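Mapping of the sequence shown onto our numbering: residues 2 to 183, in sequence order.
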Amino acid sequence: MKELLRNPDSFSKILELTVSDLSVDDIMMRVVDELTDLFDCDRCAVYVVDQKANELYTQVDQKSSIGIFRLPKDPTRSLSGFVACTGRELMIADVYDENELKDIDKDLAFSRDHDAKTAFRTRQMIAVPLKMGGEIIGVFLAVNKPGGFLKKDLDAMREFSPVLALALNHALLVKELAACKA
């Protein structure tokens, strides 16, 4: 938690956002924007597990055109899928280095779809599962930190993930209740 507190204003704003009544979209956009600043990286994302579709999805802002990006919940087809299926954390120095990926798990693979669709180049990545009651409900990831990610970044992400999971779970329940009322 010390790492998160190096920027108390940003951390305070994130906590304020996560305990407010946010929608899933708000978490994917507003909270993630703050987390990107806090982790001093190019991008952060929260992927939500969609059990029915067997996918993960997130909302991306592609130069003011907000859209949904989906990945298979498959440990062999995406890094986020690997985290969602196995519950394992990832810290990868080069997502395009197949040897590094194979050292982590023989079937691990990086899906280049997101990079291809957004003209963004992912280099490093850290990712942790978002768990609620023992169930993985999402994946929190950060990519491309100048100088690379350190163990303390992964530790900070791990320590913050329960707060983020609680906010996400609340938002998903509110969304589900609204759908039942409609």
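Every residue, glycine too, gets a C-beta built ideally from N, C-alpha and C.
Everything numeric in this text was worked out from a predicted model, so none of it was measured.
Requested in this report: Determine the direct distance from the alpha carbon of A180 to that of N100, and round the result to whole angstroms.
Outcome: Taking the sequence shown and counting its residues from 1, one reaches residue 100 at position 99. Taking the sequence shown and counting its residues from 1, one reaches residue 180 at position 179. So the alpha carbons of these two residues sit roughly 45 Å apart.
Query raised in the report: Rounded C-beta distance between Y48 and S81? I'm assuming under 8 Å.
Result: Position 47 of the sequence shown, counted from the first residue, corresponds to residue 48. Position 80 of the sequence shown, counted from the first residue, corresponds to residue 81. Right, their Cβ atoms sit about 5 Å apart.
Query raised in the report: Any C-beta of chain D sitting closer than 8 Å to the C-beta of P73?
Result: Given the protein chain composition of this structure (a single chain), no chain D is represented.
Requested in this report: Look at the alpha carbon of S162 and the alpha carbon of L142, and state the distance between them as a whole number of angstroms.
Outcome: Here the question's residue 162 lines up with position 161 in the sequence shown. Here the question's residue 142 lines up with position 141 in the sequence shown. Their Cα atoms are separated by approximately 10 Å.
Requested in this report: Reducing DSSP to helix, strand and coil, say where R113 ends up.
Outcome: Working through the sequence shown from its first residue, we reach residue 113 at position 112. Residue state, collapsed to three classes: coil.
Report task. Following the continuous beta strand (DSSP E) through V50, name the residue where it begins and the one where it ends. Result -> Translated into the one-based positions of the sequence shown, residue 50 becomes position 49. First-last of the beta strand (DSSP E) with V50: R44 to D51.
Report task. Look at the Cβ atom of L72, then the Cβ atom of F83, and state whether they are nearer than 8 Å. Result -> Locating residue 72 in the sequence shown gives position 71, counting from the first residue. Locating residue 83 in the sequence shown gives position 82, counting from the first residue. No, these two residues do not count as a Cβ contact at 8 Å.
Report task. Compute the beta-carbon to beta-carbon distance between K182 and S24, rounded to the nearest angstrom, for a pair I have assumed lies under 8 Å. Result -> Counted from its first residue, the sequence shown places residue 182 at position 181. Counted from its first residue, the sequence shown places residue 24 at position 23. The Cβ separation is near 15 Å, so there is no contact.
Query raised in the report: Which residue or residues does DSSP assign as beta-bridge partners of F70?
Result: As a first step, residue 70 is located in the sequence shown; it is residue number 69 there, counting from the start. According to DSSP, F70 bridges with T59.
Query raised in the report: Among residues of its own chain, excluding the 5 on either side of I69, which ones have a beta-carbon nearer than 7 Å to its beta-carbon?
Result: Against the sequence shown, residue 69 aligns to sequence position 68. The residues are Y58 and Q60.
Report task. Could you check what DSSP says for P76 in three-state terms: helix, strand or coil? Result -> Along the sequence shown, read from residue 1 onward, the residue named residue 76 stands at position 75. If DSSP states are grouped into helix, strand and coil, P76 belongs with coil.
Query raised in the report: What distance in whole Å lies between the Cβ atoms of D108 and P76, which are believed to be in contact at a cut-off of 8 Å?
Result: Your numbering for residue 76 matches position 75 in the sequence shown. Your numbering for residue 108 matches position 107 in the sequence shown. With 8 Å as the limit, P76 and D108 qualify as a contact, their Cβ atoms being about 6 Å apart.
Query raised in the report: Secondary structure at L174, three-state DSSP: helix, strand or coil?
Result: On the sequence shown, position 173 is the one that residue 174 refers to. If DSSP states are grouped into helix, strand and coil, L174 belongs with the helices.
Query - Reduced DSSP secondary structure (H/G/I, E/B, other) of E160 - result: Within the sequence shown, numbered from 1, the residue matching residue 160 stands at position 159. Note: E160 maps to helix in three-state DSSP.
Report task. Figure out for me which residue from I137, D114, K118 and K53 has the closest Cα to the Cα of R89. Result -> Here residue 89 corresponds to residue number 88 of the sequence shown, with the count starting at 1. Of the listed residues, the one whose Cα sits closest to R89 is I137.
**Report entry** Where F40 falls: helix, strand or coil (DSSP)
**Finding:** Here residue 40 refers to the residue found at position 39 when the sequence shown is read from its first residue. Correct three-state label for F40: coil.
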